[in-house]
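Asker: In terms of this note's numbering, the sequence shown opens at residue 3 and continues consecutively. Beta carbons: idealized from backbone N, C-alpha and C, even for Gly. From a predicted model like this one, the values you see are computed outputs, not experimental measurements. Here you go, one structure.
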Amino acid sequence: MTPPNQVLQLIERFERNLAHYKQSGYKETEVRVEFIDPFFEALGWDIHNRQGRGELDKDVVHEDAIRVGGKTLAPDYSFRVGRARKFFLEAKKPAVSLKGDVGPAYQLRRYSWSVKLPLGVLTDFEEFAVYDCRQRPKPGDKAAVGRLMYITFDQYRERWNEIYEIFAKESVQQGSFDAYAQQTKTKRGSSEVDAELLKEIEGWRDVLARNIALRNGALSVYELNFCVQRTIDRIIFLRMCEDRGIEEYGQLLALTNGPHVYARLGEYYRRADEKYNAGLFDFTADTLTRSLLIDDKALKPILSSLYYPQCPYEFSVLPVEILGQVYEQFLGKVIRLTAGHRAKVEEKPEVKKAGGVYYTPSYIVDYIVSQTVGKLVQGKTPRQISKLRVLDPACGSGSFLLGAYQYLLDYHRQWYEDNDPAKHARRKQPAVYQASGGDWRLTGAEKKRILLNNIYGVDIDRQAVEVTKLSLLLQVLEGETEETLGQQLSLWRERALPDLGENIKCGNSLIGPDYFEAQLMPDEEEMRRVNPFDWESGFPEVMAAGGPSAGSGQGFDCVIGNPPYVRIQTMKEWAPTEVEFYKQQYAAASKGNYDIYVVFVERALQLLNERGRMGYILPHKFFQAKYGQPLRQLLAEGKHLAEVVHFGDQQVFTGASTYTCLLFLDKKGNQQFHYAKAHDLDAWRAAQTSEVSEDLGGLEGEIRADKVTEKEWNFVVGPGAPLFERLSEMPVKLGDVAHIFVGTQTSADKIFVLESCNSDGDFVVGTCKVTGEEVRVEANIVKPFLRGKDIRRYEPLEAIAFLICPYVIGKDKFQLMSEMELSSEYPLAYSYLKTHKTQLAARERGRFKGANWFAFGYPKSMILFQRPKIVVPDYNNVASFTLDDGGHFYKTGYGILLLDGITESPLYVLGLLNTSLLFQYLLQVGTTLRGGYVRFWTQFIERLPIRTINFDDPADVARHDKMVGLVERMLALHQKLSAAALPPDKQLYQRQIEATDRQIDALVYELYGLSEEEIGIVEGG
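Below is the structure:
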């Protein structure tokens, strides 16, 4: 691609006057106006907002001045797509050597790293450098550290295509920039700002906890946690205010000069309370921290680490949501006290069981907010919006409330800008003011009004509540300066921040005060843990006309969030009484081993007013799980579904395998709802912000509410929906013609199952997984044992593991051998098992103590194993049914036996089950896992539609017999393929298998009556 004439002219002019531009008198402002601005305009960016877009929708934002090390600096340009920053550009004058000067590169990387932007651009037009900004910046880094691309102006002609494909606006919109960022990402040295900041404040917690516990021996564990958290919150708040120009830079650092740091810090807190009124510095309510003893040796390193050059964080640009991500992880641990009043930090039990804390990505928060808050404020005035009530009932560190608050701030600012802003600036209490750059901004008073009127949150964790408040208060201060805050104090005698004590509350959203009514003297420890919350007294104005169960017109307009995902099996370990309470109080918890998120859905509906809407991200497992039936019934009967975004096997949460959806409900009910199935998360995400994206990342459409029942939910939209519906309505399913049975559970596979076995006449030799030793037992007591990986489509079964089976199995029943019978008839097997008797008897808390110490835990399907059957593994990414005529046993997998009286051959059914048609159907009704895998669980495969044969119709019989013949050929070909040694032979058999597979699919299309269009849908996946 040749550069446009505009760029060619820039190159020629720069080359012609190079000596002039290299002089120190040629300013940065001049190179920006004369060269950098037109260069990026040629790349499609609206540098000067000639389209007149609102402040929120500009392509390029020239960032406000910020302060680093006491000096006023700023990233010169912020390039955005769909209101989201994509990269910073730092401009310098040509007199500066970008290739070797370390300062500009460090400056760019520090800005970008602090806001988690992967790439940044540094240019003086003479040089154009692209940096990987994912590495933690260090002041001593050479200019080449992190540099991915370096181009000089005389190379722009030949490398224009490379620049355009990454940095042109249309390229960024289409994902090329993100793709380049991903391609250039290296694990070496890469550390994101949230991970680094988390390590930093976790270190502070350790130091402060140990020192405060040591110096303040009367503190309880709850008081210690409070004091440590409050100290960290105050320091972070004040340090962020310094870098944003709200506080004088370096005040915390100055405290490290001299003794008695905490006493002098207390004076700073008192001044801050007078200025902010945030509750954060209120020593009237908080009498604990005022009298704390904290050693200087604990505080000085913490305060020093917050400043250049030790500190890599640029707090002036560090987004509040990143701080929230850090705190979300931080709150996963708690301080305990040992017997000697020594502090120890431990992971919370519920977090440990869940494998960690997972923060909701901002794009998910933004989408949920836009579909809830956004829908309800559309077209309304600030006065009308003032009555809107938004709730997160499990707010954690406040990410959803921050998202909702920011949406409301943006909406209000745009509304005032579009509706005579000067008039609203002249009011007695102005809503907006005009900044030095000419743009209109909300006043501090207006931001406070919106926050107090509209935002509400509850969390069971006291520390989480404090973090939510902190995050929201920092959001109020966004864009403020010492000057604007001073005006509030002098003109309106109003302190800078609101007290959020009446908006963000601590308590258990699911349990009310009636929980302890039957107890005269409830246990204090249990009261702290359960922490009941009374909605009527907690938010009296919102809940005035009744309670969560009253069904009145009162309640919240929006309930949003990411509720906890905790199975009751896990909860029973630390909260058994709550588990039973939920079962009695909530319909959604009334069946099976439910997950707590289903209760939060029911609670949300109770808390909504009649026009209210809920938006959650949660697992979609309840769509098909047995425990989800009561919730499905509740939602179906009320026609509450408004929108579902199903992510299938796409992983939203980094580091966790959690299968989620976005669920939107309306209290009043709907006649239809919008359904989207995202097959590509990146494409779906891009489609939410891109102006030009054609790929929506999935299929979407409308589904009638009367199609939704309490039965399993399998929503299908798009071209394949009519075919799926027709298959679903077929009268005969696999469960009608076959018995599907699970494997046997020994509860001690490492002992009962011998690995890598070989036959030795009347004996079998294998390896014990417990000891690693070779074991020799009698051949008549073992059964061939299959793993899931041993079961593959049409392939012959070969077991290299054997199961020691101490049971007598007859035609109709099976029975555990007596110990005498086992020892006399199978002395080798008995001797081996007896060496492990202690472990076997101790299984399941001693259930096997006594004569049955060698019994299986759950000896299921023992008789059925020996019969010829179809088998399938637990999961795979292709249809994986095959024939077992060797009496194999298995643990993970399923056996399928045709019922008595079924005329069709098992080979006919095997052929149907392995076809593309039924596998595509299974993908819709089953549980999909990452990587395209699907579960072959009974509850899913029993619903596969089976085309039965009319044996009175010769043509139908011919089709049946043709299928049986093709399947016999397929089994034989796979047998030959597995035995083949020569590559040409393997290729020969593989080609025949593929040809036979196509014949089977074609026959199935004929049997099921598919049209050419429907065949195309199936074969297109």
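In this structure, what does DSSP give as the bridge partners for T778?
Answerer: Checking the sequence, you will find Arg at residue 778 rather than Thr. DSSP, once it has assigned bridges, lists V767 as partnering R778.
Asker: Would the beta-carbon of T1027 fall within 8 angstroms of that of E1008?
Answerer: Nothing about residue 1027 can be read from this structure; the chain reaches only from 3 to 1023.
Asker: Under the criterion of a Cβ to heavy atom distance below 7 angstroms, does R138 qualify as lining the ligand COA?
Answerer: The ligand COA is not part of this structure, which contains no ligands at all.
Asker: Taking contact to mean 3 or more Cβ pairs, one atom from each stretch, closer than 8 angstroms, check whether the stretch 565-574 and the stretch 598-609 are in contact.
Answerer: Output reads yes: the stretch 598-609 touches the stretch 565-574.
Asker: If you draw a straight line from the C-alpha of S388 to the C-alpha of A577, how long is it?
Answerer: Distance between the alpha carbons of S388 and A577: 39 angstroms.
Asker: Closest by CA to I366, which one among C663, E1021, R932 and N760?
Answerer: With distances taken between Cα atoms, I366 lies closest to C663.
Asker: Grouping DSSP H, G and I as helix and E and B as strand, with all else coil, what is L741?
Answerer: Per the sequence shown, the amino acid found at residue 741 is His instead of Leu. Here H741 sits in strand by DSSP.
Asker: What is the DSSP secondary structure of L378, counted as helix, strand or coil?
Answerer: L378 falls in the helix class under three-state DSSP.
Asker: Decide if M732 is buried, meaning its Cβ has at least 16 other Cβ atoms within 10 Å, or exposed.
Answerer: The residue is exposed, with fewer than 16 neighbouring Cβ atoms inside 10 Å.
Asker: Does DSSP put Y832 in a helix, in a strand, or in coil?
Answerer: Here Y832 sits in helix by DSSP.
Asker: Rounded to a whole number of angstroms, what is the C-alpha to C-alpha distance between S980 and F921?
Answerer: So the alpha carbons of these two residues sit roughly 24 angstroms apart.
Asker: Taking 7 angstroms as the limit between beta carbons, can you name the residues of its chain near A843, skipping five residues before and five after?
Answerer: Result list for A843: F850, K851 and W855, in chain order.
Asker: Pair every Cβ in the stretch 158-168 with every Cβ in the stretch 665-676, then say whether three or more of these pairs are closer than 8 angstroms.
Answerer: The stretch 158-168, when compared against the stretch 665-676, does not touch it at the 8 angstroms Cβ threshold.
Asker: What separation, rounded to the nearest whole angstrom, lies between the Cα atoms of D48 and S293?
Answerer: The straight-line gap from Cα to Cα measures roughly 56 angstroms.
Asker: Taking one C-beta from the stretch 705-720 and one from the stretch 918-937 each time, how about it: are there three or more such pairs within less than 8 angstroms?
Answerer: The answer is yes - the stretch 918-937 touches the stretch 705-720, with three or more Cβ pairs under 8 angstroms.
Asker: Start and end of the beta strand (DSSP E) containing N611?
Answerer: L610 to P621 is the span of the beta strand (DSSP E), which, as asked, contains N611.
Asker: Looking at R111 and G102, is the spacing between their C-beta atoms short of 8 angstroms?
Answerer: No, Cβ-Cβ distance for G102 and R111 is not below 8 angstroms.
Asker: Along the beta strand (DSSP E) that carries M151, what are the first and last residues, could you check?
Answerer: Run containing M151: R149 to T154, per the beta strand (DSSP E) assignment.
Asker: For chain B, is any of its Cβ atoms less than 8 angstroms away from the one on A211?
Answerer: Structure shown: chain B not included; a single protein chain is present.
Asker: Between which residues of its own chain and T445 is the CB-CB distance below 7 angstroms, once the five residues before and five after are set aside?
Answerer: Excluding positions up to five away in sequence, the list reads P432, A433, V434 and Y435.
Asker: Assign C243 to one of three DSSP states: helix, strand, or coil.
Answerer: Residue state, collapsed to three classes: helix.
Asker: At which residue ranges does the stretch 929-976 contain complete beta strand (DSSP E) runs of 3 or more residues, listed in the order of the chain?
Answerer: Listed in chain order, they are 935-937.
Asker: Identify the continuous beta strand (DSSP E) that holds A215 and give its terminal residues.
Answerer: Taken as a continuous stretch (DSSP letters only), A215 belongs to no beta strand (DSSP E), being part of the alpha helix (DSSP H) at V195 to R217.
Asker: Assuming contact is defined by CB atoms lying nearer than 8 angstroms, are K785 and C807 in contact in what I supplied?
Answerer: The answer is yes: Cβ separation under 8 angstroms.
Asker: Got a sec, what are the start and stop residues for the beta strand (DSSP E) V132 sits in?
Answerer: V132 -> beta strand (DSSP E) spans E129 to D134.
Asker: Below 8 angstroms between beta carbons: does that hold for A781 and D792?
Answerer: No, the pair does not count as a contact, with Cβ atoms beyond the cut-off.
Asker: Measure the Cβ-Cβ separation of F649 and L683 and say whether it is below 8 angstroms.
Answerer: Cβ atoms of F649 and L683: closer than 8 angstroms.
Asker: Taking just the CA atoms, how far does G342 sit from L221?
Answerer: So the alpha carbons of these two residues sit roughly 13 angstroms apart.
Asker: Let me know the secondary structure DSSP gives V117 once reduced to three states.
Answerer: Three-state DSSP puts V117 in coil, outside helix and strand.
Asker: So who's on the other strand from I705, going by DSSP bridges?
Answerer: Answer by DSSP bridge pairing, in chain order: F675.
Asker: Check for me: the alpha helix (DSSP H) holding K449 runs from which residue to which?
Answerer: G446 to N456 is the span of the alpha helix (DSSP H), which, as asked, contains K449.
Asker: What is the C-beta distance between V1006 and L946, in whole angstroms, given that I count them as a contact (C-beta under 8 angstroms)?
Answerer: Contact doesn't hold; Cβ gap of about 12 angstroms is too wide.
Asker: So, using beta-carbon positions, are P96 and D59 closer together than 8 angstroms?
Answerer: Against a cut-off of 8 angstroms, the Cβ pair of D59 and P96 comes out as no contact.
Asker: Is the number of C-beta pairs between the stretch 201-214 and the stretch 144-154 that are closer than 8 angstroms three or more?
Answerer: Cβ pair count under 8 angstroms is below three, so no.
Asker: Please return the same chain residues whose Cβ sits closer than 6 angstroms to the Cβ of V694, not counting the five positions on each side in sequence.
Answerer: Residue placement at V694 is flagged as unreliable, the pLDDT there being 49, under the threshold of 50; a coordinate-derived value is accordingly withheld.
Asker: Should G563 go down as buried or exposed, given a rule of 16 or more other Cβ atoms within 10 Å for buried?
Answerer: Result: buried.
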